[in-house]
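Structure record follows, encoded as structure tokens.
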Amino acid sequence: MSHPPRIVLVATSHPGNIGATARAMKTMGLGELHLVAPACFPDPQASAMAAGADDILEHACVHADLPAALAGCHWVAGLSARPRYISGPTLSARTGAEAVVQRPATERAALVFGRERTGLTNAELDLCHVRINIPANPDYGSLNLAAAVQVMAYEWRM
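Each number in our numbering comes from the position in the sequence shown (counting from 1) with 156 added on.
Structure representation (structure tokens):
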């Protein structure tokens with residue numbers, strides 16, 4: 157079985173979302189959090205929202221850019237709610253999580269989540285091998301950042 161995936165948050169604007177992500181990760185057995193240029197971290201709001209997942213926050217790695225956060229990863233999936241063209245397929249949350257689990261034990265995978273308001277840029281998605289879309293209400297498909305991480309962590313665990 158593969159390593160648990162690295163969770164990468166890009167340009168998070170609200171520190172509470174970082175803490176809620178840490179909580180979602182710990183609940184599902186994930187522990188490797190990487191942050192790309194967060195607006196505020198560390199921050200008391202992140203700790204408050206982590207609700208006991210402070211160890212994940214303490215070990216989180218902060219990077220200036222996405223390529224640095226992906227160093228050492230062999231397979232990268234970018235989460236996006238909007239349909240866009242990137243080289244590579246678009247997978248559902250379940251299929252994407254299965255692809256992580258099927259990676260060889262010698263390879264590292266990363267799941268990349270974008271900004272709260274605008275998601276990942278096309279250039280950031282171009283750094284990914286696949287795009288993952290969490291099927292949601294077509295009239296309102298906006299998931300909270302930590303909720304999206306929770307869905308992917310759950311699918312990986314299953």
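Glycine included, every Cβ here is placed at the ideal spot set by N, Cα and C. Treat the numbers as computed from the prediction; the structure is a model and nothing was measured.
Coarse secondary structure for residue i, derived from DSSP in three states
i: serine 248; result: strand
i: arginine 238; result: coil
i: arginine 313; result: helix
Same chain, Cβ closer than 8 Å to residue i, five either side skipped, listed in chain order
i: proline 160; result: Gly185, Leu186, Gly187, Glu188, Trp312
i: alanine 167; result: Val192, Ala193, Pro194, Ala195, Gly270, Arg271
Residues bridged to residue i [DSSP beta-bridge criterion]
i: isoleucine 212; result: DSSP output for isoleucine 212 lists no bridge partner at all.
i: arginine 162; result: Ala266
i: arginine 287; result: Gly234, Thr246
Contact set for residue i: own chain, Cβ-Cβ below 6 Å, skip 5 residues either direction
i: glycine 275; result: Ser236
i: alanine 206; result: Gly175, Ala178, Arg179, Leu213
i: valine 218; result: Leu191
i: arginine 250; result: Glu311
i: asparagine 173; result: Leu301, Ala302
| request: Would you list, in sequence order, the uninterrupted alpha helix (DSSP H) runs of no fewer than 4 residues that lie entirely inside the region 167–236? | output: 171–183, 200–206, 210–214, 222–225
| request: Would you check if there are 3 or more beta carbon pairs closer than 8 Å linking the region 241–258 to the region 220–228? | output: no
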